[in-house]
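Chemist: Chain order of the listed sequences is A and B.
Each residue of the first sequence is one higher than the last, beginning at 154 in this note's numbering.
Each residue of the second sequence is one higher than the last, beginning at 154 in this note's numbering.
Every residue gets a Cβ at the ideal spot worked out from N, C-alpha and C, and that includes glycine.
Handing you a structure now.
Number of protein chains: 2
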Amino acid sequence: MATIVPHQQPTPERFFNAINAYELTEAMKAAIEVELFTAIAEGNTAAATIAKRCDAAERGVRILCDFLTIHGFLTNEGTEYALAPDAALFLDRHSRAYLGTAMEFLLTRRVREGHARLAEAVRRGGTALGEGTLERENPDWVKFAEAMMPLMHGPSEIMAAELRKGGEAHKVLDIAASHVLEVAMKNAQAMGVVDRYPLLPGSAFETDFGGDYDLVLIPNFLHHFDPPTCTTFMRKVYAALKPGGRAAIAELVPNPDRVTPPTAAAFSMMMLATTPTGDAYTFAELESISKNAGFVRVELAPPEIGLDRLVIAYR
Amino acid sequence: MATIVPHQQPTPERFFNAINAYELTEAMKAAIEVELFTAIAEGNTAAATIAKRCDAAERGVRILCDFLTIHGFLTNEGTEYALAPDAALFLDRHSRAYLGTAMEFLLTRRVREGHARLAEAVRRGGTALGEGTLERENPDWVKFAEAMMPLMHGPSEIMAAELRKGGEAHKVLDIAASHVLEVAMKNAQAMGVVDRYPLLPGSAFETDFGGDYDLVLIPNFLHHFDPPTCTTFMRKVYAALKPGGRAAIAELVPNPDRVTPPTAAAFSMMMLATTPTGDAYTFAELESISKNAGFVRVELAPPEIGLDRLVIAYR
Chain A
154 MATIVPHQQP
164 TPERFFNAIN
174 AYELTEAMKA
184 AIEVELFTAI
194 AEGNTAAATI
204 AKRCDAAERG
214 VRILCDFLTI
224 HGFLTNEGTE
234 YALAPDAALF
244 LDRHSRAYLG
254 TAMEFLLTRR
264 VREGHARLAE
274 AVRRGGTALG
284 EGTLERENPD
294 WVKFAEAMMP
304 LMHGPSEIMA
314 AELRKGGEAH
324 KVLDIAASHV
334 LEVAMKNAQA
344 MGVVDRYPLL
354 PGSAFETDFG
364 GDYDLVLIPN
374 FLHHFDPPTC
384 TTFMRKVYAA
394 LKPGGRAAIA
404 ELVPNPDRVT
414 PPTAAAFSMM
424 MLATTPTGDA
434 YTFAELESIS
444 KNAGFVRVEL
454 APPEIGLDRL
464 VIAYR
Chain B
154 MATIVPHQQP
164 TPERFFNAIN
174 AYELTEAMKA
184 AIEVELFTAI
194 AEGNTAAATI
204 AKRCDAAERG
214 VRILCDFLTI
224 HGFLTNEGTE
234 YALAPDAALF
244 LDRHSRAYLG
254 TAMEFLLTRR
264 VREGHARLAE
274 AVRRGGTALG
284 EGTLERENPD
294 WVKFAEAMMP
304 LMHGPSEIMA
314 AELRKGGEAH
324 KVLDIAASHV
334 LEVAMKNAQA
344 MGVVDRYPLL
354 PGSAFETDFG
364 GDYDLVLIPN
374 FLHHFDPPTC
384 TTFMRKVYAA
394 LKPGGRAAIA
404 ELVPNPDRVT
414 PPTAAAFSMM
424 MLATTPTGDA
434 YTFAELESIS
444 KNAGFVRVEL
454 APPEIGLDRL
464 VIAYR
């Protein structure tokens, strides 16, 4: 999220730009669809040659490139465009860290509809869509799991390194949205660990976890639920851990002011629009949830795990 | 538009924030609908009391207020919220400069749809919606005229003062979208100038303007059309002016780089999404259009007219 520079004089500009903010969403979507970033990565730098590669109109490409330059995804020098570093790494289809596939999940019809009915969500204090994105048979989670794989590779390595500092974990439980197990199994096959990757299908609230775990991973799960539900869940995690075992919670964690850092803090809005009672929890809230579930000590680990922070709860 | 601060390390954060940019549009829309800014202006500063005034849930209001704080429309101190100066002036329903009514025009279904089909617009080099917002019987222009009146009061005074420096204008032609004449007449009645405010209904491209004008005002009109159409139109304006008369063009005018200032430059995208051939023109382009139409001298006047600049073409 860009830094806000306060205007000296009141101006309607901020209002207009906020009302028109959706144009950036649509511009990113269009650019990924026509493979604009990939075209530039391939060495096309003028609107005419980019347009040819994208099978698009020069005028359309010129206006889109200028717009993306304004928003920091491209740079320009005269009539030549180049990719900004973030765009080169994440938006070129040839890059290992390509994120374009995540777009489809991030902008599913239900997520957009939840926001289109945001006034209703504000009035009722939760999504206007019933169960929102938490409905049991939501196939979007499969798309999500597939799309997030390249993105999560780096952060999961940071997380593993951080957790290894607290000792090796021999028996690990990894909590996930139930529908992504097929994707998880494919990933396990690709990584050659399928013989030590048993699955426990079913709802994380109902399925028997077994016990004696050294470590339970809870990545981006708790934000979908209210604190009492999180506490109930964490009690179940506590019971499944060995004495001295750890629960590793990865979450977007806003500061106590709830407005910084901006991306983590803004995530509350996504939860309001798309879930009945979800939220972005502060460390104090995650600590309280964990302690109410029986954990004796709760820490905020130093490194950033992508956009997440890592909270470690000790049994 | 907020200033872009480049990240030191490549991060997917900018991508996520761009994909989710539409959340700010929806949040502004929801806040205006539930009268959140007005509630705060009336002295409600805690989520609970704001919620009561807005007939909304405290949790919904808290999340919305935090989100608007992140985006600079509110400030917070502990659990108390206050309006940022822009929000106090433009978003409190009791303010003379209230802009909330402009939202409806800015977010009409057709404008949103044009953006939802932006990849198509990029491919063809113009809106995917046929005539886009320029269709003849588009009632949105009436909404627009009504909504823009409070907003344009200040800028029109700046424009009048600037034009007065070049001498008094006794006979003035004001170009407008044809459907807004009824709104213009209501405004003229309210201002007590109806006896010297004759109307010329019909298309600005076809209606006989008459002649001997000292001044022709062309506010936010040319950006809807391509340069040849603008030139044809400016020839008609030229013919209607007295020798020594002036055409006053108010437009969002980007710099020659087409990416600064950001709001004016980004307006090209609105034209791509919603019109067949419209654009935000640089001063050099407006000068060229005017000179091709016969004008002898073209100036960029110093003051900002709201988000517009004033270009004066001399016959």
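For the beta strand (DSSP E) holding ASP461/A, just list the boundary residues, first then last.
Modeler: 461-467
Chemist: Which chain A residues sit within Cβ distance under 7 Å of ASP219/B?
Modeler: ARG411, VAL412, ALA418 and SER421
Chemist: Taking DSSP as the reference, what is the three-state secondary structure of GLU230/B?
Modeler: strand
Chemist: Indicate the three-state DSSP secondary structure (helix, strand or coil) for ASP293/A in the structure shown.
Modeler: helix
Chemist: In chain B, which residues lie with their C-beta within 7 Å of the C-beta of VAL214/A?
Modeler: Residues of chain B passing the Cβ test: VAL275.
Chemist: Counting only beta-carbon separations shorter than 8 Å, does TYR251/B have a partner in chain A?
Modeler: Chain A contact via Cβ: absent.
Chemist: Below 8 Å between beta carbons: does that hold for MET181/A and ILE185/B?
Modeler: no
Chemist: Between GLU179/B and chain C, is there a C-beta pair that is closer than 8 Å?
Modeler: Although the question refers to chain C, the structure presented lacks it and instead comprises the protein chains A and B.
Chemist: Following a CB-centred definition, is ASP367/A positioned closer than 7 Å to any heavy atom of the ligand PLP?
Modeler: Looking for the ligand PLP in the displayed structure turns up nothing, as the structure carries no ligands at all.
Chemist: Whole-angstrom Cβ separation of GLU188/B and ARG246/B, contact assumed at under 8 Å?
Modeler: 6 Å
Chemist: Over the uninterrupted beta strand (DSSP E) stretch that includes ARG450/A, give me the two end residues.
Modeler: 450-458
Chemist: Leaving out the 5 sequence neighbours to the left and right, which residues in its chain are closer than 7 Å to ALA426/B when beta-carbon positions are compared?
Modeler: These residues qualify, in order along the chain: GLY267, HIS268, LEU271, ALA274 and THR280.
Chemist: Going along the chain, which residues of its own chain have a beta-carbon closer than 8 Å to the beta-carbon of VAL449/B, five neighbours each way excluded?
Modeler: TYR467 and ARG468
Chemist: Hey, would you say MET305/B sits closer than 8 Å to PHE220/A, going by beta carbons?
Modeler: no
Chemist: By the 10 Å Cβ neighbour count, where 16 or more other Cβ atoms means buried, how is THR413/B classified, buried or exposed?
Modeler: exposed
Chemist: If I'm right that ALA235/A touches ILE193/A with Cβ under 8 Å, what's the distance once you round it to whole angstroms?
Modeler: 7 Å
Chemist: Any idea what DSSP makes of VAL158/B, helix, strand or coil?
Modeler: Unreliable positioning characterises VAL158/B in this predicted model, as indicated by a pLDDT of 49, which lies under 50. The coordinate reading is nonetheless provided below. VAL158/B: coil per DSSP, three-state reduction.
Chemist: If we count Cβ pairs, one from each stretch, closer than 8 Å, do we get three or more for the segment 345-356 of chain B versus the segment 250-265 of chain B?
Modeler: Counting Cβ pairs under 8 Å, fewer than three are found: no touch.
Chemist: Less than 8 Å between C-beta atoms, sequence neighbours within five positions excluded: which residues of the same chain meet that for ALA454/B?
Modeler: GLU315, ARG462, LEU463, VAL464 and ILE465
Chemist: Round the Cβ separation of ALA446/A and THR384/A to the nearest angstrom and send it over; I've been treating them as touching at under 8 Å.
Modeler: By a beta-carbon distance limit of 8 Å, ALA446/A contacts THR384/A. Their separation comes to about 5 Å.
Chemist: How far does the alpha helix (DSSP H) with LEU287/A in it extend, from its first residue to its last?
Modeler: From DSSP, LEU287/A is part of no alpha helix (DSSP H); its letter is neither H nor E.
Chemist: Using a C-beta to C-beta distance shorter than 7 Å, which residues of chain B count as neighbours of THR222/A?
Modeler: Listed by position along chain B, the residues whose Cβ is nearer than 7 Å to that of THR222/A are VAL412.
Chemist: Could you check where the alpha helix (DSSP H) with TYR175/A kicks off and where it finishes?
Modeler: 175-186 is the span of the alpha helix (DSSP H), which, as asked, contains TYR175/A.
Chemist: Going by DSSP, what residue range makes up the alpha helix (DSSP H) through ARG206/B?
Modeler: Where ARG206/B is concerned, the enclosing alpha helix (DSSP H) stretches over 200-207.
Chemist: Distance check for ALA241/A and PHE369/A, CA to CA, integer angstroms please.
Modeler: In the sequence on display, residue 369/A carries Val and not Phe. Rounded to whole angstroms, VAL369/A to ALA241/A spans 35 Å at the Cα level.
Chemist: Count the other CB atoms, across all protein chains shown, that sit within 10 Å of the CB of ARG317/B; report buried if there are 16 or more and exposed otherwise.
Modeler: That one is exposed.
Chemist: DSSP three-state label for GLU404/B, please.
Modeler: The three-state secondary structure of GLU404/B, taken from DSSP, is strand.
Chemist: Across the segment 281-299 of chain A and the segment 334-343 of chain A, are there enough close Cβ pairs to call them in contact, namely three or more that are closer than 8 Å?
Modeler: yes
Chemist: With DSSP collapsed to three states, give me the class of ILE442/A.
Modeler: helix
Chemist: Can you say whether GLY355/B is buried or exposed, counting buried as having 16 or more other CB atoms within 10 angstroms of its CB?
Modeler: exposed
Chemist: Excluding the 5 residues flanking ALA210/A on each side, which residues of the same chain have their C-beta closer than 8 Å to its C-beta?
Modeler: Excluding residues within five positions, the ones whose Cβ falls inside 8 Å are ALA204.
Chemist: Tell me whether LYS324/B sits in a helix, a strand or coil according to DSSP, three-state version.
Modeler: coil
Chemist: For VAL347/A, which residues in the same chain have their Cβ closer than 8 Å to its Cβ, ignoring the five residues on either side in sequence?
Modeler: MET338 and ALA341
Chemist: Residues of chain B with CB closer than 7 Å to the CB of VAL390/A, please, in chain order.
Modeler: Close partners of VAL390/A in chain B (Cβ separation under 7 Å) are lacking, with about 25 Å as the shortest Cβ gap.
Chemist: With which residues is PRO372/B paired in a DSSP beta bridge?
Modeler: BP columns for PRO372/B point to ALA403/B.
Chemist: The alpha helix (DSSP H) spanning VAL390/A covers which residue range?
Modeler: For VAL390/A, the enclosing alpha helix (DSSP H) covers residues 380-393.
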